[in-house]
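Enquirer: Numbering (UniProt numbering), first residue to last: 4 to 318.
Ideal Cβ placement from N, Cα and C applies to all residues, glycine included.
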Ligand code: BDR
Ligand code: CA
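1) DSSP beta-bridge partners for residue 30?
2) Where does residue 226 fall in DSSP's three states?
3) Give, in chain order, every unbroken run of the alpha helix (DSSP H) that is at least 4 residues long and sits entirely within the region 91 to 158.
4) Using a Cβ-Cβ cutoff of less than 6 Å, which residues in the same chain neighbour residue 185 once the five nearest sequence positions on both sides are dropped?
5) Just the C-alpha distance for residue 84 and residue 300, rounded to the nearest angstrom, thanks.
6) Short check: CB of residue 133 to CB of residue 275, under 7 Å?
7) Beta-carbon of residue 286 versus every beta-carbon of chain B: anything under 7 Å?
8) If we ignore side chains and look at the alpha-carbon of each, how far apart do residue 292 and residue 43 end up?
9) If I follow the unbroken beta strand (DSSP E) through residue 294, where does it start and stop?
10) Considering just the uninterrupted stretch of the alpha helix (DSSP H) at residue 246, what are its terminal residues?
11) What residues in its chain sit with their C-beta under 7 Å from that of residue 15, if we drop five residues either side in the sequence?
12) Could you give the first and the last residue of the continuous beta strand (DSSP E) run that contains residue 281?
13) What three-state label does DSSP hand residue 48 in the structure shown?
14) Name the residue from 213, 174, 60 and 20 whose alpha carbon lies nearest to the alpha carbon of residue 317.
15) Spell out a yes or no on whether the region 281 to 289 and the region 43 to 57 are touching, meaning 3 or more CB-CB pairs, one atom from each, closer than 8 Å.
16) On the three-state DSSP scale, how would you describe residue 256?
17) Taking 6 Å as the cut-off, is the C-beta of residue 81 nearer than that to any heavy atom in ligand 1?
18) Give the residues whose C-beta lies closer than 7 Å to at least one heavy atom of ligand 2, in chain order.
19) Relative to the alpha-carbon of residue 262, which residue among 31, 136, 192 and 81 has its alpha-carbon at the smallest distance?
20) Ignore the nearest five residues each way along the sequence and tell me which others in residue 302's own chain have a CB closer than 6 Å to its CB.
21) Just checking residue 161 against ligand 4 - is the residue's beta carbon closer than 6 Å to any of the ligand's heavy atoms?
22) Strictly by DSSP, which residues pair up with residue 261?
23) Taking DSSP's pairing of strands, which residues face residue 185 in a bridge?
24) Need the endpoints of the beta strand (DSSP E) that residue 172 sits in, please.
25) Can you name the residues that DSSP bridges to residue 241?
Here it is as structure tokens:
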């Protein structure tokens, strides 16, 4: 089993990525760390707890609260995309407190406790990861790998023309991470791979809606708000950047094409804030990341459908 920590701004597809980490037998999910991103911080905590509850694993994996805003900039909400991030779903968890240790300290401690073993799946802004680098530079050498959802490999952004949300929100953090010297970074960008290979059509969603499990019902509920947004901007289905990132770490056989790139992130310009420059060999720069270019869309969707078909009803 692969030891992982998921660093998340839990809304919609982050929840599905958590299901991957919680339920795929290939994963040894050691912790969840929370970072400011998609929706209000407390709402994100609640979304993570609801996801753990639906998976039948509430209280089994520690949740550490990390940075509540980006390193130097104001927080940028994606509530206009995700609503509350869980389709208005509510559950009552009074008394279930997150772990008192700060998320950045937890990341540093978890990596130091198992040097060279932990892979961090980064599916929100990179604030916690960059702060761990700043606070304890040995974090870089203690981590086995980072799997990062962020950027676009052809400058098709989703929050601006140039930028994808996670890198836009905290570009200084993203730049810090790519400059830090991690031994292994894999990037799953918004475009082209998420848009090309990880959008579920109306037919696929109708199929999931017919699966009679708590997980499939949860999925159908939580993707609804983002789906409506997607249709309004011409994306023809439900997007899975975060769950794809978690799945590819556990199942590299889904990858059809990847390449070594020199990745850097724009922090100076207002127009292109958070733009990810992904330079390939022709530009003569030293590679610092592997970028996923295409995946087997059918294998990924079959995988998620099988996961959502798992019956987590307590016996
Ligand atoms: C990223 O931003 C969020 O909306 C998603 O969870 C994903 O991590 C896509 O740009
Ligand atoms: Ca996310």
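Expert: So, from the data block:
1) 5
2) coil
3) 106 to 116, 130 to 138 and 141 to 145
4) 143 and 149
5) 24 Å
6) no
7) Checking the listed chains, one finds no chain B in this structure; it contains a single protein chain.
8) 31 Å
9) 292 to 298
10) 244 to 253
11) 85, 88, 225, 226 and 229
12) 279 to 282
13) helix
14) 60
15) no
16) helix
17) yes
18) 11, 12, 14, 16, 17, 40, 41, 126, 127, 152, 169 and 245
19) 192
20) 257
21) Summarising the ligand content, the structure contains ligand 1 and ligand 2 and does not contain ligand 4.
22) 295
23) Paired residues: none, contrary to the question.
24) Looking at the DSSP string, residue 172 is not in any beta strand (DSSP E); the run it does join, the alpha helix (DSSP H), is 168 to 172.
25) 203
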